[in-house]
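Below is one structure, written out as structure tokens, with a few remarks after it.
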Amino acid sequence: MGIKLLGIRQISSRFDLKRKWYRFSRSPLSIVGLVIAVGSIILAVGAPYIAPYPKHAGLFTNLLEAFQPPSSKYSFGTDEMGRDVLSRTIFGFRYSLTMAVVVLGLVVAPGVITGLIAGYYRGSWIDTVIMRIADVFIAVPPLVLALSIAAVLIPSVFNAMMAVSLMWWPWYTRLTYNIASSLRNEYFVQASEVIGASTFHITFKEILPNCLGSILTKVTLDVGWVILLGSSLSFVGLGAQPPTPDLGTMVAEGSKHLPQYWWISIFPAVAISVIILGFNLLGDGIRDTFVEEAK
Amino acid sequence: MEFETRLLRRQNNRVNQLLEVKDLHVGYKTYMGKLKVLNGVDFTVHQGEKVGIIGESGCGKTTTMRAILRVLASNAVIDGGEIHFRGNDVLKMGKKQLNEMRRNNVTMIFQDPTAALNPVFKVGELLADVIKYSANYGKEQSSQKDIREKSTDILKEVALPDPERVLDSYPFQLSGGMRQRICIAMSLATAKELLIADEPTTNLDVTIQDQVLRLMKNLVEKRNLSVILISHALGTVRGTVDTVYVMYAGNMIEAAETEELFSNPLHPYTQGLLKSVPKLTGAGFSEGIKGRVPDYMNPPPGCRFHTRCDYASDICRKEKPQLLNVDANKHKVACWLYGKK
Amino acid sequence: MKLSTYIAKRTFYVIFSLIGLSLLVFILARVLPGDPARMAAGERAPEWVVEQLREQLRFDKPMYEQYFYWVSDVFHGDLGYSIVTKRSVSIDILEYLPASMELIILAAIFQIAGALILGAIAGQFSFKWPDNLIRIFSYVGISIPAFVLGIILQLIFSWWFKLFPTQGVLSPGVTRPPIATGMYTLDSLIAGRFDVFLNVLWHMILPALALCLGSMMQDARIIRSGMVENKDKDYILMAKAQGMPERRIMFRYLFKPSIIPAVTVMGLDAAALLANAFLVEIVYYWPGFSKFGITVMLNKDLNAIIALVLVMGIIYALANIVVDILVAYLDPRIRLVERGE
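Protein chains in written order, with our numbering: chain L, 75 to 369; chain W, -9 to 331; chain F, 20 to 360.
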């Protein structure tokens, strides 16, 4: 039983993409979210090429032009070191989205797998152990947990990412567990068991596809959450350190110069909000499209 | 007694008319468009009369009833028609008058007793509210003790054992049959003239259905109520009411005295309906009616049944037939087979 | 099950989570690279000082022993010794926490009141402009991190419009009332200094708003959905059919079931205020535990960090329990139904 490679058309029909797109596009807010999300990704990936002053994103000093208000030369103004705020903000997108990608990349697979296992063996000791561990993490508000873990680490972008990853996986476990365990006793699962399908097959071929919609929704919404957490950590000083152009760090640095040089803080702050808003809207749109309405 | 009622009715038709619905059009607004459910409903209830309405699920029976009391869902639109209760147009009534009608004249029993009782309040609290705001409205308020006493009495009237315990319970702690009895009790807490029962026993266990139905019959007799009974169970209707209306896709398509209707159905739909009831004796399967219920978003023009009718002709596809007398007030039908020539 | 059993269960569950949390942080702190004793003593301290510190803080003992000592200490009210402030952490926390708590409590009050009012308005005017406006605000509100909102509010209402003070808890020149509870508001009331009380409140408004605005909007939406969904439920329509006055239906019958799904979320959000307070306090230089917290975190003051995390965890747990109790009280189905889960 090898892996079948599917063409675009086959993927489209297998996942009913055309109809899903139709449904998705009916909501203008979802489209807005999609545009923002795609825009953010483009900015993040193409930062060195899009930013007008890419060198400003690193160690750069030009004190002669420090504290310039927004102008035609520097659209977002310059900060206390004379660096172009616009360029740094664009690079900030890069850091934020990288963090989201890394964290979610690390977290989704283990979380989902543990959730599937716990859901399949529902009622047994495997279930109890896994879910109790997950519950410990879930019981604490995310920020508290993130702060606690990051607090004992040396502040850096990498460590911030690790801290968030460590506390994030249980949410996927819980999500998958809920769906898997409710499906566990559905007829189609039991039918598969009766004809002797292996556990592997059942878990991955029968149960998992039903979870994909919810997982996809959560991943999209989580991009927003991870960025929110990451920027909060940076703001506090536990994440990216200056001169790294992380959006949270920039807001923190700029807050010292309020209100006269408001642009140093405000533009990155708005950027954070816009990214999160975009992914939230997108996530809502995905939820409405992919997750079956249980009405 | 029955003959006299019939005679009276034929003689002064207009005079003791309690409720008259004329050409009622009701639709529901949805994301995808408007569902034009009621397409000109006509029916009448006279004083002391027991009217049954039969029809498949979704044909608009509940919508019509809710329109009478104006308790339609918030996405409902009344597109036209009149509803006269004792000569007053309900659709044009002001809030005060409407509420008065709801308190003193007309009452309704809903189909699903579980959904009809607010789940976060105790039965006693719900009943007390009904007494305070219906029976005692405008009058001096009774004491807690009196209300409690009255509630207990009402529950005893609907044959609920251990009324004290019931009053202190939440609806979800009681059985379906008990819940429906409570709903009946609530609706008859004050004196009313017209009782609308929307499939009161459909959601109950078969064993309970009979009990509740008999209870209702008793109360109706005792209080001399006029009744509109809705059901899609033909048997229930047959043994209970004087007049039967048949409804299909938002129209009343036939109306007659009970036995007359069952022995001599005129409309092709009614004929099909009666034929499709499985018989316990004799050979062969019962026939269904070919085709499906129309789509309310784009209903067929003219007579809404013409797509499934074996006798459909050109005019059926173009013009909607009116509900007209065919036998000197004994039998009405809305069908071009019997229409004006 | 009875309410007390329910509470006991929840408490146990929450304590269990707390233990897990403390264990996690404890282990992490000791496992990671870096010598805590060295960090505590400072770069230039001679080796024997570091040794002494290590012994004093018990860093030389095996981990499980350390944990054991720590737990017993906690039960004696001793949360350890802070390297940064050079005194017992318990004292530090007692000094800084009350100010944070009063900010959080005010924010919680704003949040709940705001959510209820806005949710009711959105529900009443569903799909019209108040509803849409609230909807847009809720999307925006949940997307803006607390510290961003704090900065924006500060910029607009403090710097540009000069309506509120920019930072701190008391205006310059206003002296702090004698410390009784540690909360500025309560202390000023106890001391009878009403003017100070008002001054403190004035300083609290912006940070409290920054804390709760996002969650408030979200909760309002949930309440609104509840109301819209329940508006057409049978039990509401039945109340209407009974002629009950509209006011009473809205505020009693519709309200209670509609807010139940929201209460859980509102409670969780209120508890999460705790974490966001950390960030907002920084923006407004509020003399709460954030300044203390950041200092100890940046300086790797392990004892203080763990103690702080523990305290935050306990508060969060308590808030959760309160919410659970509230929900169980409001929805009888949750506390009375205990069928095989």
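For glycine and all other residues, C-beta sits at the position ideal for the given N, C-alpha and C.
Between L/Ala254 and L/Leu190, the beta carbon gap of about 5 Å places them in contact (Cβ cut-off 8 Å). Chain W places a beta carbon closer than 9 Å to that of F/Asp350, counting this residue as a contact. Counting the other Cβ atoms within 10 Å of the Cβ of L/Trp336 gives 16 or more, which makes it buried.
No Cβ of chain F is located within less than 9 Å of the beta carbon of W/Cys49.
Note that the C-beta distance between W/Val16 and W/Gly71 is below 9 Å. Within the same chain, Pro255 come within 7 Å of W/Gln261 by CB-CB distance, once the 5 residues on both sides are set aside. Beta-carbon to beta-carbon, L/Gly304 and L/Ala326 are separated by about 13 Å, too far to satisfy the 8 Å threshold. Its Cα nearest to that of W/Ile68, the residue W/Leu25 stands out among W/Leu25, W/Ile99, W/Leu219 and W/Val41.
Straight through space, the alpha carbons of W/Gln201 and W/Ala245 are spaced by roughly 28 Å. Taking a beta-carbon distance threshold of 9 Å, F/Pro149 does not count as an interface residue toward chain L.
F/Ile131 is outside the set of residues whose beta carbon lies under 9 Å from a beta carbon in chain L. Think of a sphere of 8 Å around the beta carbon of F/Leu40: the chain L residues whose beta carbon falls inside it are Val210, Ala213, Val214, Leu219 and Ser222, in chain order. Minimum Cα-Cα distance from F/Pro351 among the listed residues F/Lys275, F/Ile333 and F/Leu125 corresponds to F/Lys275. If one requires a minimum length of 4 residues, the alpha helix (DSSP H) runs lying completely within the segment 228 to 286 of chain F are 253 to 260, in chain order. In the three-state reduction of the DSSP assignment, L/Ser256 falls in the helix class.
Against F/Tyr272, the close residues of chain W are Asn108, in the order they occur along the chain (beta-carbon pairs closer than 7 Å). L/Val186 is classed as buried because its beta carbon has at least 16 other beta carbons within 10 Å across all chains shown.
The criterion of a C-beta distance shorter than 9 Å is satisfied by W/His296 and W/Arg307. For L/Ala225, the neighbours in chain F by C-beta distance under 7 Å run, in chain order, Met316 and Ile324. Listed as beta-bridge partners of W/Asp188 by DSSP are W/Ile220.
When rounded, the separation of the alpha-carbon atoms in F/Ile131 and W/His74 is 46 Å.
From the beta-carbon of W/Met98, the residues of chain F found nearer than 7 Å are Ala260. Listed in chain order, the non-local C-beta contacts of W/Ala118 below 6 Å within the same chain comprise Ile137, local neighbours out to five positions each way being set aside.
Ranked by how close their Cα comes to the Cα of W/Asp195, the residues W/Asn108, W/Lys280, W/Asp102 and W/Leu150 have W/Asp102 in first place. Exposure of W/Ala63 is indicated by the presence of fewer than 16 other C-beta atoms within 10 angstroms of its C-beta. Straight-line measurement puts the Cα of L/Gly120 at about 12 Å from the Cα of L/Val112. In this structure, F/Leu40 is the residue among F/Gly192, F/Leu40 and F/Asn151 with its C-alpha nearest to the C-alpha of L/Ala213. Shown here, L/His275 sits in a helix according to DSSP, grouped into three states.
The straight-line gap separating the alpha-carbon atoms of W/Cys49 and W/Tyr259 is approximately 13 Å. For L/Thr277, the CB contacts under 6 Å within the same chain, skipping 5 residues up- and downstream, are Leu190 and Tyr194 in chain order. Rounded to whole angstroms, the gap between the alpha carbons of W/Gly45 and F/Ile242 is 38 Å. For the segment 264 to 316 of chain W, the full-length alpha helix (DSSP H) segments reaching 4 residues or more read 304 to 308 along the chain.
The residue from W/Thr54, W/Ser47 and W/Tyr18 with its alpha-carbon nearest to that of W/Gly30 is W/Thr54. Within the segment 214 to 228 of chain W, no residue places its CB atom closer than 9 Å to a CB of chain F. In the three-state DSSP reduction, W/Asn78 falls in the strand class (E or B). Scanning chain L for C-beta atoms nearer than 8 Å to the C-beta of F/Asn295 yields Leu217, reported in chain order.
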